[in-house]
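Novice: Below is the structure I would like to discuss, written out as structure tokens.
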Amino acid sequence: MNHSSFLTIDEVAQHLKITRQTVSKYIKAKELNAVKINKSYRITVNDFESFVNSNTTAQEPSISYLRRTKNCTLQYTDKADEFEVVHGITHGELRTIKESKQTENKFIFGDNYFVLKNLFDTHKGLIDLVYIDPPFGTGQDFNSIDEHSAYSDKLVDSEFLEFIRKRLFLLKELMSERGSIYLHIDKKIGHYVKIVMDEVFGYKNFINDITRIKCNPKNFSRNAYGNYSDMILYYAKNRDSQIWNDIKEPMTEEKRKVLFPKKHPKHGYYTTNPIHAPGKTVNGDTGLEWKGLMPPKGRHWRYSREVLDELDNKGLIEWSNTGNPRKIVLAREHKGFKIQDVWEFKDKGLSYVDYPTQKNFDLLERIIKNSSYQNSIVLDCFAGSGSTLRVANKLGRKWIGVDNSTHSLEVISKTFDKDQIDFEFLEYVPHD
Ligand SMILES: C[S@@+](CC[C@H](N)C(=O)[O-])C[C@H]1O[C@@H](n2cnc3c(N)ncnc32)[C@H](O)[C@@H]1O
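Each position in the sequence shown, counted from 1, maps to that position plus 6 in this note's numbering.
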């Protein structure tokens, strides 16, 4: 736990399961130490802990507080204070370069740290979905196919982690209470980023670490296993309140062949299931004779005899040569599969994309469909080619993109213009 971080009065009340007023009483009575920052009281975690330890009248901290103590933090020098990051003043503004009469969708050119802070005025608590694919702390420069410099990834180690941590604090403020964030990262630095995300969003708000298969298997001579995956860390602002549409993975033809191998002249591909289940019905319809048959010993009919009649009349019972009935289950009624945490969405080569490290549209479509509604605002503040914005646009979501690379700006302007995707264009301008 970060002992320099502050709690609000509401957070203290929530942790102790008491009212705000009672917390204020403790502060007034000087039993709980609080500092006044910008007109509101804040309590340091250290003060909160010593209050809990010394005050016998305070109830046991709630589970949510105990869970928070599991939030590990990384120790490194020059770690900024959360309060400073969120409340510190920026000397600059967002200036509109091109307005749009048709849309509020925006691309903002500038360093996302300052841009996000400026968005507090208009978008605090309004963003339902954040997808970010920041530089991975590789220490490299990235060029496009024509050697045009796209962006530089020169921050490494703790400088990189701090760069991400600060932006995550700002993103959390912008996210709605039902919002979630997907952070795409490689496996060299990703495990450290997981700890940073635990610190910022809370360990209890971690949902998945998704393995993304990014390329074909590698056959290099290094003494190592091939690395053909990266990771997407998925967190909610409030776990279990996040938008979740439970999109299913459609059945592939390969799986169809295995699961529904038979072809029915009227109903298409199908398989069959037994119409009985374990457990004997002592007194009831599902234990009685149906079409001259009793359920096998120790079992009962899965359906009432009326339903079995209906199924048979519709041709949905298959009778074997030996007179054994089974229910016909149709491939066309299959609802798809629960999506698991290993996804295969390979990147295309540089010659097939508009921007280096451009992400796969299908991957973004899955994320946006699952974790946002029509009209939700989707934010990508490492926009690159604008792939997230483009997919959000296609799916009827509102969007905000940010990037500080002129190449990103050029690519987005050119490709969105070509496809008639309209947006407002703004720029972050620092004051002198
Ligand atoms: C890995 S690329 C994103 C690629 C993108 N997901 C796509 O599909 O095209 C990272 C992007 O972050 C941008 N970036 C890096 N630091 C930034 C900062 N401080 N503010 C805004 N953008 C930044 C880079 O210019 C680069 O375009």
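Ideal Cβ positions, reconstructed from N, Cα and C, are used throughout, including at glycine.
Using DSSP bridges, identify the partner residues of Asn214.
Specialist: Its beta-bridge partners are Tyr240.
Novice: Please report the residue range of the alpha helix (DSSP H) in which Met203 lies.
Specialist: From DSSP, the alpha helix (DSSP H) with Met203 extends over Gly196 to Phe207.
Novice: Rounded C-beta distance between Thr278 and Leu265? I'm assuming under 8 Å.
Specialist: With a Cβ gap of about 12 Å, Thr278 and Leu265 do not count as contacting.
Novice: With 16 as the cutoff for other CB atoms within 10 Å, does Cys78 come out buried or exposed?
Specialist: Label assigned to Cys78: exposed.
Novice: Taking the CB atoms as reference points, tell me whether Phe509 and Leu415 lie closer together than 9 Å.
Specialist: Nothing about residue 509 can be read from this structure; the chain reaches only from 7 to 438.
Novice: Express the C-alpha separation of Leu294 and Asp315 in angstroms, rounding to a whole number.
Specialist: Each residue's Cα considered, the two are about 13 Å apart.
Novice: On the DSSP letters alone, give me the boundaries of the alpha helix (DSSP H) that Leu167 sits inside.
Specialist: First-last of the alpha helix (DSSP H) with Leu167: Asp163 to Leu180.
Novice: Can Asn381 be considered in contact with ligand 1, in the sense that its beta carbon sits closer than 8 Å to one or more heavy atoms?
Specialist: No - ligand 1 has no heavy atom lying nearer than 8 Å to the Cβ of Asn381.
Novice: With DSSP as the reference, label His282 as helix, strand or coil.
Specialist: His282 falls in the strand class under three-state DSSP.
Novice: Going by DSSP in three states, Val264 sits in which element: helix, strand or coil?
Specialist: DSSP places Val264 in helix when its eight states are reduced to three.
Novice: First and last residue of the beta strand (DSSP E) that includes Ser391?
Specialist: Neither: Ser391 is in no beta strand (DSSP E) and is coded neither H nor E.
Novice: Using the C-alpha atoms, what's the distance from Tyr137 back to Val51?
Specialist: Straight-line Cα distance between these residues: approximately 30 Å.
Novice: Use the C-beta contact count for Arg228: other C-beta atoms within 10 angstroms, 16 or more gives buried, fewer gives exposed.
Specialist: It counts as exposed.
Novice: Just the residues with CB closer than 5 Å to a heavy atom of ligand 1, in chain order, which are they?
Specialist: Selection output, chain order preserved: Asp117, Asn118, Asp139, Tyr157, Tyr361, Thr363, Gln364, Lys365, Phe388, Gly390, Ser391, Ser393, Asp409, Asn410, Ser411 and Ser414.
Novice: For Lys224, which option in Asp291, Thr217 and Gly232 has the closest C-alpha, if you only look at C-alpha atoms?
Specialist: Of the listed residues, the one whose Cα sits closest to Lys224 is Gly232.
Novice: Let's test the definition: count the other Cβ atoms within 10 Å of the Cβ of Ser70 and tell me whether it reaches 16, buried, or not, exposed.
Specialist: Confidence at Ser70 is low in this model, with a pLDDT of 42, below 50, so the placement of that residue should be treated as unreliable; the coordinate-derived value is given next. Classification for Ser70: exposed.
Novice: Quick one: measure Cβ to Cβ for Asp368 and Phe388, integer angstroms, because I've assumed they're closer than 8 Å.
Specialist: Not a contact, Cβ separation roughly 19 Å.
Novice: Helix, strand or coil: which one does DSSP assign to Gly274?
Specialist: Reduced to three states, the DSSP call for Gly274 is strand.
Novice: Tell me whether the beta-carbon of His190 lies closer than 9 Å to the beta-carbon of Ile238.
Specialist: Yes, the Cβ-Cβ distance between His190 and Ile238 is below 9 Å.
Novice: Could you check the C-alpha separation between Ser326 and Pro280 for me, to the nearest Å?
Specialist: So the alpha carbons of these two residues sit roughly 12 Å apart.
Novice: In whole angstroms, what is the alpha-carbon distance linking Arg311 and Thr328?
Specialist: In a straight line, the C-alpha of Arg311 is about 21 Å away from that of Thr328.
Novice: Are there 16 or more other CB atoms within 10 angstroms of the CB of Gln146, so buried, or fewer, so exposed?
Specialist: Under this definition Gln146 is an exposed residue.
Novice: In three-state terms, what does DSSP make of Asn102?
Specialist: The amino acid at residue 102 is misidentified as Asn; the sequence shows Thr. In the structure shown, Thr102 sits in a strand (DSSP, three-state: E or B).
Novice: Give me the residue from Pro141, Ser60 and Asp134 with the minimum Cα distance to Pro362.
Specialist: Answer by Cα proximity: Pro141.
Novice: Thinking just about the alpha-carbon of each residue, which of Trp349, Thr14, Ser186 and Lys172 is nearest to the one in Glu205?
Specialist: Glu205 has its Cα closest to that of Lys172, out of Trp349, Thr14, Ser186 and Lys172.
Novice: Determine the direct distance from the alpha carbon of Gln81 to that of Trp405, and round the result to whole angstroms.
Specialist: C-alpha separation (whole angstroms): 35 Å.
Novice: Exposed or buried, which one is Ala398 when buried takes at least 16 other CB atoms within 10 Å?
Specialist: Buried, since its Cβ has 16 or more Cβ neighbours within 10 Å.
Novice: Could you check the C-alpha separation between Ser68 and Tyr379 for me, to the nearest Å?
Specialist: The pLDDT assigned to Ser68 is 46, lower than 50, so where the model puts this residue is not dependable, and the model offers no usable value.
Novice: Threshold first: 4 residues or longer. Then list the alpha helix (DSSP H) segments lying entirely within the region 107 to 150, N to C.
Specialist: Segments of the alpha helix (DSSP H) lying fully in the region 107 to 150: 118 to 129.
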